[in-house]
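**Q**
Protein chains: 4
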Amino acid sequence: MSAPTQQPTPTDGGPAAGGPPRGAGRAAITNAAREIFAERGYHGTSIRDIAARAGLSLSALYHWHSSKQDLLAALLWEGTNDYFEACERELAAAGDDPTQRLRAMVRSSVAYRVRRRVESKIIAQEWRNLEPEHQERLNELADAATRLWTDIIADGIRRGVFHCAHPEDARRTVVAACNAIAQWYDPAGEVDLEELIARYTDIALRVVDARGS
Amino acid sequence: MSAPTQQPTPTDGGPAAGGPPRGAGRAAITNAAREIFAERGYHGTSIRDIAARAGLSLSALYHWHSSKQDLLAALLWEGTNDYFEACERELAAAGDDPTQRLRAMVRSSVAYRVRRRVESKIIAQEWRNLEPEHQERLNELADAATRLWTDIIADGIRRGVFHCAHPEDARRTVVAACNAIAQWYDPAGEVDLEELIARYTDIALRVVDARGS
Amino acid sequence: MSAPTQQPTPTDGGPAAGGPPRGAGRAAITNAAREIFAERGYHGTSIRDIAARAGLSLSALYHWHSSKQDLLAALLWEGTNDYFEACERELAAAGDDPTQRLRAMVRSSVAYRVRRRVESKIIAQEWRNLEPEHQERLNELADAATRLWTDIIADGIRRGVFHCAHPEDARRTVVAACNAIAQWYDPAGEVDLEELIARYTDIALRVVDARGS
Amino acid sequence: MSAPTQQPTPTDGGPAAGGPPRGAGRAAITNAAREIFAERGYHGTSIRDIAARAGLSLSALYHWHSSKQDLLAALLWEGTNDYFEACERELAAAGDDPTQRLRAMVRSSVAYRVRRRVESKIIAQEWRNLEPEHQERLNELADAATRLWTDIIADGIRRGVFHCAHPEDARRTVVAACNAIAQWYDPAGEVDLEELIARYTDIALRVVDARGS
DNA sequence: GATGAATGAGCCTTCATTCAT
DNA sequence: CATGAATGAAGGCTCATTCAT
Chain C
1 MSAPTQQPTP
11 TDGGPAAGGP
21 PRGAGRAAIT
31 NAAREIFAER
41 GYHGTSIRDI
51 AARAGLSLSA
61 LYHWHSSKQD
71 LLAALLWEGT
81 NDYFEACERE
91 LAAAGDDPTQ
101 RLRAMVRSSV
111 AYRVRRRVES
121 KIIAQEWRNL
131 EPEHQERLNE
141 LADAATRLWT
151 DIIADGIRRG
161 VFHCAHPEDA
171 RRTVVAACNA
181 IAQWYDPAGE
191 VDLEELIARY
201 TDIALRVVDA
211 RGS
Chain S
1 MSAPTQQPTP
11 TDGGPAAGGP
21 PRGAGRAAIT
31 NAAREIFAER
41 GYHGTSIRDI
51 AARAGLSLSA
61 LYHWHSSKQD
71 LLAALLWEGT
81 NDYFEACERE
91 LAAAGDDPTQ
101 RLRAMVRSSV
111 AYRVRRRVES
121 KIIAQEWRNL
131 EPEHQERLNE
141 LADAATRLWT
151 DIIADGIRRG
161 VFHCAHPEDA
171 RRTVVAACNA
181 IAQWYDPAGE
191 VDLEELIARY
201 TDIALRVVDA
211 RGS
Chain A
1 MSAPTQQPTP
11 TDGGPAAGGP
21 PRGAGRAAIT
31 NAAREIFAER
41 GYHGTSIRDI
51 AARAGLSLSA
61 LYHWHSSKQD
71 LLAALLWEGT
81 NDYFEACERE
91 LAAAGDDPTQ
101 RLRAMVRSSV
111 AYRVRRRVES
121 KIIAQEWRNL
131 EPEHQERLNE
141 LADAATRLWT
151 DIIADGIRRG
161 VFHCAHPEDA
171 RRTVVAACNA
181 IAQWYDPAGE
191 VDLEELIARY
201 TDIALRVVDA
211 RGS
Chain P
1 MSAPTQQPTP
11 TDGGPAAGGP
21 PRGAGRAAIT
31 NAAREIFAER
41 GYHGTSIRDI
51 AARAGLSLSA
61 LYHWHSSKQD
71 LLAALLWEGT
81 NDYFEACERE
91 LAAAGDDPTQ
101 RLRAMVRSSV
111 AYRVRRRVES
121 KIIAQEWRNL
131 EPEHQERLNE
141 LADAATRLWT
151 DIIADGIRRG
161 VFHCAHPEDA
171 RRTVVAACNA
181 IAQWYDPAGE
191 VDLEELIARY
201 TDIALRVVDA
211 RGS
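Chains as they are written, first to last, in UniProt numbering: chain C, 1 to 213; chain S, 1 to 213; chain A, 1 to 213; chain P, 1 to 213.
1. Checking contacts by CB at 8 Å: is D70 of chain P closer than that to chain A?
2. Let me confirm a value: R22 of chain A is counted as buried when at least 16 other C-beta atoms fall within 10 Å, else exposed. Which label applies?
3. Go ahead and pull the three-state DSSP assignment for Q6 of chain C.
4. Name the residue from S:A104, S:R116, S:Q100 and S:C87 whose alpha carbon lies nearest to the alpha carbon of L76 of chain S.
5. In chain order, what residues of the same chain have a beta carbon less than 7 Å from the beta carbon of L71 of chain P, not counting five sequence neighbours either side?
6. Quick one: what's A210 of chain S bridged to in DSSP?
7. Taking the alpha carbon of A54 of chain S as the reference point, which residue from S:A176, S:I29, S:A94 and S:E195 has its own alpha carbon closest?
8. State yes or no: is the beta carbon of Q125 of chain A nearer than 8 Å to at least one beta carbon in chain P?
9. So D96 of chain C and C164 of chain C are supposed to be a Cβ contact under 8 Å. How far apart are they, rounded?
10. Show which residues of chain C have a CB atom less than 7 Å away from the CB atom of T146 of chain S.
11. Taking C-alpha atoms, which residue in P:Q183, P:P167, P:D169 and P:G156 lies nearest to D169 of chain A?
12. With 16 as the cutoff for other CB atoms within 10 Å, does G25 of chain C come out buried or exposed?
13. State whether the region 36-56 of chain S contacts the region 99-109 of chain S, with contact taken as three or more CB pairs (one from each stretch) at a distance under 8 Å.
14. Would you decide whether G41 of chain A is buried or exposed? Buried here means 16 or more other CB atoms lie within 10 Å of its CB.
15. What would DSSP say about S109 of chain P, mapped onto helix, strand or coil?
16. Name the residue from C:R199, C:E119 and C:H43 whose alpha carbon lies nearest to the alpha carbon of N31 of chain C.
17. Can you tell me where the alpha helix (DSSP H) holding T80 of chain C begins and where it ends?
18. Is L193 of chain A near V106 of chain A, with beta carbons less than 8 Å apart?
19. For the candidate residues S:P132, S:A144 and S:I122, whose alpha-carbon lies nearest to that of A86 of chain S?
20. Assign N129 of chain C to one of two classes, buried (16 or more other C-beta atoms within 10 Å of its C-beta) or exposed (fewer than that).
21. With the cut-off set at 8 Å, would you say A38 of chain S and I122 of chain S are in Cβ contact?
22. Can you give, in chain order, each stretch of the alpha helix (DSSP H) that sits fully within the region 114-192 of chain C and has at least 4 residues?
23. How many Å lie between A154 of chain A and A154 of chain P at the Cα?
24. Spell out whether any CB of chain C is found under 8 Å from the CB atom of R206 of chain S.
25. Determine the DSSP secondary structure at S59 of chain C, reduced to helix, strand or coil.
26. Is the Cβ-Cβ distance between A176 of chain C and A176 of chain S less than 8 Å?
27. Within 8 Å (strictly less), CB to CB, does G41 of chain C reach chain S?
28. Under 8 Å between the Cβ atoms of R171 of chain S and T201 of chain S?
29. If you run the structure through DSSP and keep just helix, strand and coil, what is T45 of chain A?
30. Look at the alpha carbon of N81 of chain C and the alpha carbon of L141 of chain C, and state the distance between them as a whole number of angstroms.
31. Can you grab the Cα-Cα spacing for the pair R211 of chain S / N179 of chain C, in whole Å?
32. Say whether chain C places a C-beta atom closer than 8 Å to the C-beta of I203 of chain S.
33. Taking E133 of chain S as the reference, which of S:A73, S:I152, S:A124 and S:K68 has the closest Cα?
34. Kindly list the residues whose CB is nearer than 7 Å to the CB of N139 of chain S, restricted to its own chain and excluding five residues on each side of it in sequence; keep chain order.
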């Protein structure tokens with residue numbers, strides 16, 4: 001169907017309900033692409049599937065996006081960027097303390113994986129299907145996000161707050177744990193977001209061996 | 001490039017070493033498929049690519065495997081089964097102690113992800129491209145593997161050796177951390193397998209909050 | 001871009017000079033179409049290309065011309081007609097003498113191929129892409145032009161001025177020679193129009209074997 | 001080559017009559033392409049049209065030719081090369097005399113345009129649709145053919161046998177006249193090949209102003 | 001055991017065109 | 001006068017698969 005599954009896009013919001021209200025083309029397509037790419041993967045998805053789910057013709061899709069690859073690139077970049085900005089926002093509020101900063105990162109990450117499960121899956125799996133130029137651009141953003149984690153853990157160790165011997169492996173573990181959430185979390189289940197954040201914060205603190213905080 | 005990149009498969013074993021493994025049709029194809037599926041994904045790989053890398057004709061491929069889907073299914077099942085058997089082997093040697101059993105699981109998992117990086121990537125990513133019947137069969141095996149972890153952690157808690165409040169999240173974290181190794185580990189790097197096992201064992205024990213062992 | 005490359009079209013004539021010919025929609029489109037049809041051929045040209053080079057939107061194009069085919073038909077007819085009228089004009093001034101009349105035809109033809117190279121190419125190549133009705137209409141005009149040549153040569157032979165045994169082949173040769181000019185003539189080269197006319201008049205007179213004139 | 005439009009190829013002769021005898025793929029396609037490209041032009045021809053006329057499936061076409069462009073390039077190259085070789089063959093037999101050599105060139109050219117009308121049309125019209133690399137390769141061959149004419153006329157003038165003042169224009173006229181034959185000649189008409197050669201030889205000699213031979 | 005030829009379905013993309021505004 | 005959004009048909013090409021040899 002054409003209804004946005006995830007975050008509402010400012011551009012649409014319009015008449016809604018039913019077929020895509022003439023003019024909501026771009027968003028309808030983006031949403032449809034997001035869903036189907038997540039379900040079947042980039043190569044497993046045909047551009048006809050996307051157009052159909054968006055309730056538009058094949059050609060309308062090309063009116064808004066120049067190619068299947070651009071559609072993917074836009075989706076991945078938008079998603080990664082949103083994640084990065086969410087982290088920065090939480091960090092800005094977290095102050096200077098490594099433990100608080102690590103908590104902020106876990107909160108941002110878990111929240112993102114839960115709220116944007118669909119993007120999260122795509123980002124994890126379809127990254128390799130980007131053409132080199134798009135991939136490079138995305139890499140820089142991803143590296144910046146990695147650095148956020150790295151710096152916090154390094155700082156915690158320096159200040160004697162974290163005690164893990166291998167910070168890189170600790171970082172990888174925490175990130176992998178948060179990322180995995182997108183694969184299994186059921187929003188209809190018993191665990192709500194805040195509870196989940198609490199649980200993964202605990203785990204993260206154990207992984208970096210935080211003591212006395 | 002028909003030469004096996006990874007572990008030699010028992011099925012082949014032939015004259016090997018050098019040119020296109022004389023008469024080793026089946027294995028050549030399996031190996032080629034494994035590599036290319038890992039590189040480009042199931043839908044991104046064409047059966048012609050596989051035949052070409054195996055140094056065989058398209059028709060030869062069909063002589064050995066009945067379809068592209070079967071090729072994938074065989075690969076995934078074989079890989080998952082090998083992993084499961086490796087776990088059982090290590091567990092048999094580990095005795096009854098939860099800590100020793102968890103160590104055994106981490107050892108099996110890390111070793112598998114390192115030695116069979118290619119299969120590991122495929123298992124992680126291409127699972128969804130299996131047709132339902134194959135998927136179901138594989139699911140049972142995967143669930144059995146999950147149960148190995150679950151039972152060990154549950155036992156550890158019951159015996160007061162592990163203290164984590166949310167065993168499922170602990171299990172997911174440890175498994176995700178081990179799985180991720182396949183994505184980043186560089187066998188030419190400085191960290192050898194035993195060192196890596198040691199590090200991830202430590203992390204796993206912190207995640208389940210093992211005390212006094 | 002959108003500036004007319006060749007002769008100014010009476011239809012436009014507007015403010016012109018510089019940017020997109022203000023309000024000169026129709027002419028801008030005709031000119032753009034002429035250029036691109038000549039460069040890439042009818043089927044090799046998209047209506048979007050034309051609109052883009054004219055600096056107009058796709059819909060504007062349809063405001064002025066009812067279809068791609070009509071655009072071609074208009075171009076071809078206009079061009080052929082201009083050629084025919086140029087011939088008649090020169091002939092009217094040439095009087096009755098077959099030699100003078102042949103000279104007039106060569107002059108008209110060479111001048112047209114030089115001054116309107118672009119149209120000339122289109123007329124030569126895109127004729128076959130006209131739909132039957134347009135083609136028929138154009139044929140009549142082309143036949144009339146052919147008859148101008150035929151009659152002059154026949155008259156010259158009758159009067160004993162020309163001596164070629166096969167007037168049709170002579171006519172075809174002269175016409176082919178003039179037509180070819182559009183393909184190779186370089187207006188920036190050393191040979192100017194008058195010189196070229198002189199040369200081809202000589203050739204034509206040799207081809208029809210004119211003696212004592 | 002199986003479909004009989006033009007010269008018979010020794011390679012075929014097989015089962016004939018009816019659909020293309022399994023195995024005659026390559027030639028059937030080449031022949032079909034030649035015909036349709038000549039009728040509708042490169043861009044006006046769809047690869048499906050070609051396959052259909054060849055009595056094969058679309059995919060079979062791609063089994064034999066890697067792309068539509070390659071099909072065109074092969075056709076153009078083959079045709080131009082055949083023409084060039086025919087010229088060289090006739091010239092070898094013509095000896096040293098400029099008049100005899102010019103006669104040989106006219107003979108080769110007229111014969112080619114008559115016997116291979118279809119190729120001739122394609123060569124004349126579709127040259128511009130070749131991609132640059134193919135175009136360049138073909139250009140060299142075409143230039144070599146041009147040089148054959150140029151050298152003969154220059155030699156004739158030097159020896160005082162030809163007297164035209166502008167050899168390049170003479171050459172262009174003769175070549176254009178011969179080329180044009182492909183457009184109008186009707187093999188079912190009254191003029192046979194030898195007669196046509198005689199007529200165009202006469203014209204050519206008049207154009208270069210050959211005297212006393 | 002292995003091959004080359006052939007196929008039908010489907011892929012991404014572009015086309016000429018229309019229509020509400 | 002002019003536009004942006006939308007469309008159905010068609011374009012070139014690739015796919016997994018089959019079959020006679």
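Cβ atoms here follow ideal geometry from the backbone N, Cα and C, with glycine treated the same way.
**A** Quick answer:
1. Not flagged as an interface residue toward chain A: D70 of chain P, since no C-beta distance is shorter than 8 Å.
2. Below a pLDDT of 50, predicted positions are generally treated as unreliable, and R22 of chain A, at 46, falls in that range; the measurement from the model is reported next regardless. By the Cβ-count criterion, R22 of chain A is exposed, with fewer than 16 other Cβ atoms from all chains shown falling within 10 Å of its own Cβ.
3. With a pLDDT of 40 at Q6 of chain C, under the threshold of 50, the modelled position of that residue is not reliable, and the figure given next carries that caveat. DSSP places Q6 of chain C in coil when its eight states are reduced to three.
4. Of the candidates S:A104, S:R116, S:Q100 and S:C87, the one whose C-alpha sits nearest the C-alpha of L76 of chain S is S:R116.
5. Here the set comprises A33 and H65.
6. DSSP lists S:F162 as partners of A210 of chain S.
7. Nearest C-alpha to A54 of chain S among S:A176, S:I29, S:A94 and S:E195: S:I29.
8. Interface residue, yes.
9. Between D96 of chain C and C164 of chain C a beta carbon distance of about 20 Å is seen, past the 8 Å cut, so the two are scored as non-contacting.
10. In chain order: nothing, as chain C lies at least about 11 Å away.
11. When each option's Cα is compared against that of D169 of chain A, the closest is P:Q183.
12. With 16 or more other Cβ atoms inside 10 Å of its own Cβ, G25 of chain C counts as buried.
13. No: fewer than three Cβ pairs fall under 8 Å.
14. Per the 10 Å Cβ criterion, buried.
15. Correct three-state label for S109 of chain P: helix.
16. Selected option, being the one with the closest Cα: C:E119.
17. That run of the alpha helix (DSSP H) goes K68 to A94.
18. Against a cut-off of 8 Å, the Cβ pair of V106 of chain A and L193 of chain A comes out as no contact.
19. If we check each option's Cα against that of A86 of chain S, S:A144 comes out closest.
20. Buried: at least 16 other Cβ atoms inside 10 Å.
21. Yes, the Cβ-Cβ distance between A38 of chain S and I122 of chain S is below 8 Å.
22. Within the region 114-192 of chain C, complete alpha helix (DSSP H) segments of at least 4 residues are found at 117-126, 132-158 and 167-184, given in chain order.
23. Approximately 33 Å between the Cα atoms of the pair.
24. Interface annotation, R206 of chain S: in contact with chain C, CB-CB separation under 8 Å.
25. The answer is helix: DSSP assigns S59 of chain C an H, G or I state.
26. Their beta carbons are under 8 Å apart, which means A176 of chain C touches A176 of chain S by this criterion.
27. Contacts with chain S at 8 Å (Cβ-Cβ) include G41 of chain C.
28. No. Outside cutoff.
29. In the structure shown, T45 of chain A sits in coil (DSSP, three-state: anything other than H, G, I, E or B).
30. Counting only the Cα atoms, L141 of chain C lies some 7 Å from N81 of chain C.
31. When the Cα atoms are used, R211 of chain S and N179 of chain C turn out to be separated by approximately 27 Å.
32. Yes, I203 of chain S counts as interfacial toward chain C.
33. Looking at the Cα atoms, S:A73 is the closest of the given residues.
34. For N139 of chain S, where only same-chain residues beyond five positions count, there are no Cβ hits under 7 Å.
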